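full-length UniProt numbering numbers the first residue of the sequence shown as 1 and each following residue consecutively.
Worksheet: the structure to be examined is printed underneath.
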Amino acid sequence: MNTSYVSIDVPFEFRHTCWFCGEPYYESHAFMAKPNYDDQVEPIMVPCCQECFSFANDIKVSSLDILRDKVKEKLHKKYQKHLQIGVNWTKEELEDSEFEGKALEGFRESGWKMFEIAKERVNYRGWAVSIDGIPVEGLTTAFQFEFDGIVYTSLNHAVTQLATAYAIPQPYLEQVIELVGRDKMAYALRFCKTTYGYSPAERETSLASLRALLAEEKANQLASTINKKRAKKIAISEIKELILHRTMISPYAIQWALEHGATTLQLLAEQEDAFFEHFNQESELTAFTYFNGLQIYLEQREIDPEWVAQSDPNNHLF
Ligand SMILES: [Zn+2]
Numbered sequence: 001m002n003t004s005y006v007s008i009d010v011p012f013e014f015r016h017t018c019w020f021c022g023e024p025y026y027e028s029h030a031f032m033a034k035p036n037y038d039d040q041v042e043p044i045m046v047p048c049c050q051e052c053f054s055f056a057n058d059i060k061v062s063s064l065d066i067l068r069d070k071v072k073e074k075l076h077k078k079y080q081k082h083l084q085i086g087v088n089w090t091k092e093e094l095e096d097s098e099f100e101g102k103a104l105e106g107f108r109e110s111g112w113k114m115f116e117i118a119k120e121r122v123n124y125r126g127w128a129v130s131i132d133g134i135p136v137e138g139l140t141t142a143f144q145f146e147f148d149g150i151v152y153t154s155l156n157h158a159v160t161q162l163a164t165a166y167a168i169p170q171p172y173l174e175q176v177i178e179l180v181g182r183d184k185m186a187y188a189l190r191f192c193k194t195t196y197g198y199s200p201a202e203r204e205t206s207l208a209s210l211r212a213l214l215a216e217e218k219a220n221q222l223a224s225t226i227n228k229k230r231a232k233k234i235a236i237s238e239i240k241e242l243i244l245h246r247t248m249i250s251p252y253a254i255q256w257a258l259e260h261g262a263t264t265l266q267l268l269a270e271q272e273d274a275f276f277e278h279f280n281q282e283s284e285l286t287a288f289t290y291f292n293g294l295q296i297y298l299e300q301r302e303i304d305p306e307w308v309a310q311s312d313p314n315n316h317l318f
């Protein structure tokens, strides 16, 4: 029987520490890959605390990083109530709360501490694994997902845990995340929490309105990008003053319109407030006169293409 083994290197500052969670050392777990894709010959000894040691012994996986993730998931599960304290409370709220009765007072005093310990353990990053000074390649943390200061082993894991913590049906949270994107977990949770009812029909209605909202946001973004592209800096000296229907069209108004992409009546209407805010600094009368003139000018450009081509002295600027 082969009784030899190798140990992962333990840097000085991490002596007596669990590689998984940072708690005090209890015993080393003898890791053997299963399935053994890389033809591992000897067990690799990994320092554990008592709890992670018992977790690790029940797990059969093909690599150390998967073992780490599975141990973390067991920690998350076991300490879910403690981790949830941070979801439900802030430190100050908990301190100020008026729990009465012995058990509840105890909770107030130790609640935040329990949360912090659980959080530190699940977030603990261990140290880079090497054996006899040679780094062990291929261990990844690429799938980890962090939300609200807590590290999850993957997006999927976060969704499972958070759905429970926030009492949201998991498939529903999954659908919302899929729509809004994984970087918008806070938004997704807020959306799910404000959803009116979780029956299939109610969920479908909420999802439909979310889809519509997102489509609208996307269209607005696109429009504002286009407007920005259109907007350009133009020297006042390049702009010709003109008179239309006995109204003087100010070059300053035209300059503002060109620089803000307000080059049609519709686009100007969208930015009316901004226009007045800008020119009211001179006077309300100025702002009104400029706006009126600009409207006449833009309308002329819209209804009379021939005039635009033949007579508009500023056409090349649009
Ligand atoms: Zn541990």
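Ideal placement from N, C-alpha and C gives every residue a C-beta, glycine not left out.
Values in this document were obtained by computation on a predicted structure and should not be read as measured data.
Any non-hydrogen atom of ligand 1 within 7 Å of residue i CB
i           : result
residue 20  : yes
residue 23  : yes
residue 192 : no
residue 73  : no
residue 51  : yes
Identity of the residue in the options nearest residue i by Cα
i           : options            : result
residue 25  : 145, 234, 119, 49  : 49
residue 14  : 124, 76, 51, 185   : 124
residue 255 : 10, 298, 65, 173   : 298
residue 290 : 257, 303, 302, 267 : 257
residue 334 : 200, 302, 66, 180  : With the chain covering 1 to 318 only, the question about residue 334 has no answer from this structure.
residue 183 : 126, 19, 29, 155   : 155
residue 83  : 119, 105, 52, 281  : 119
residue 247 : 300, 108, 35       : 300
residue 223 : 150, 249, 261      : 261
residue 65  : 129, 35, 318       : 129
residue 268 : 283, 292, 285      : 292
residue 209 : 106, 180, 225, 245 : 180
residue 122 : 153, 134, 96, 111  : 153
residue 288 : 188, 252, 311, 55  : 252
residue 20  : 164, 63, 215, 75   : 75
residue 164 : 192, 145, 51       : 192
Counted within 10 angstroms of its Cβ, other Cβ atoms place residue i as buried (16 or more) or exposed
i           : result
residue 315 : exposed
residue 32  : exposed
residue 294 : buried
residue 17  : buried
residue 143 : exposed
residue 69  : buried
residue 225 : exposed
residue 106 : exposed
*Are the region 214-224 and the region 275-285 touching by the rule of at least three beta carbon pairs closer than 8 Å?*
No contact exists between the region 214-224 and the region 275-285.
*For the region 172-180 against the region 154-163, are there 3 or more C-beta pairs whose distance is under 8 Å?*
Under the 8 Å Cβ criterion, the region 172-180 counts as touching the region 154-163, having at least three qualifying pairs.
*Would you mind listing the beta strand (DSSP E) stretches within the region 193-275 that are 3+ residues and don't spill past its ends, in chain order?*
242-244, 247-249, all fully within the region 193-275.
*the region 4-21 / the region 37-44 touching (three or more Cβ pairs under 8 Å)*: Between the region 4-21 and the region 37-44, the count of Cβ pairs shorter than 8 Å is three or higher; the stretches touch.
*Does the region 139-147 come within contact of the region 87-94, defined as at least 3 CB pairs closer than 8 Å?*
Touching, no, given that fewer than three Cβ pairs across the two stretches are closer than 8 Å.
_With three or more beta-carbon pairs closer than 8 Å as the criterion, would you say the region 201-215 touches the region 233-245?_
The answer is no - the region 233-245 does not touch the region 201-215, with fewer than three Cβ pairs under 8 Å.
*Minimum length 4: unbroken alpha helix (DSSP H) runs contained in the region 96-155*: Qualifying alpha helix (DSSP H) stretches, in chain order: 102-123.
*Curious, which full-length alpha helix (DSSP H) runs of at least 4 residues does the region 273-316 contain?*
Listed in chain order, the alpha helix (DSSP H) runs fully inside the region 273-316 are 284-303, 305-311, counting runs of at least 4 residues.
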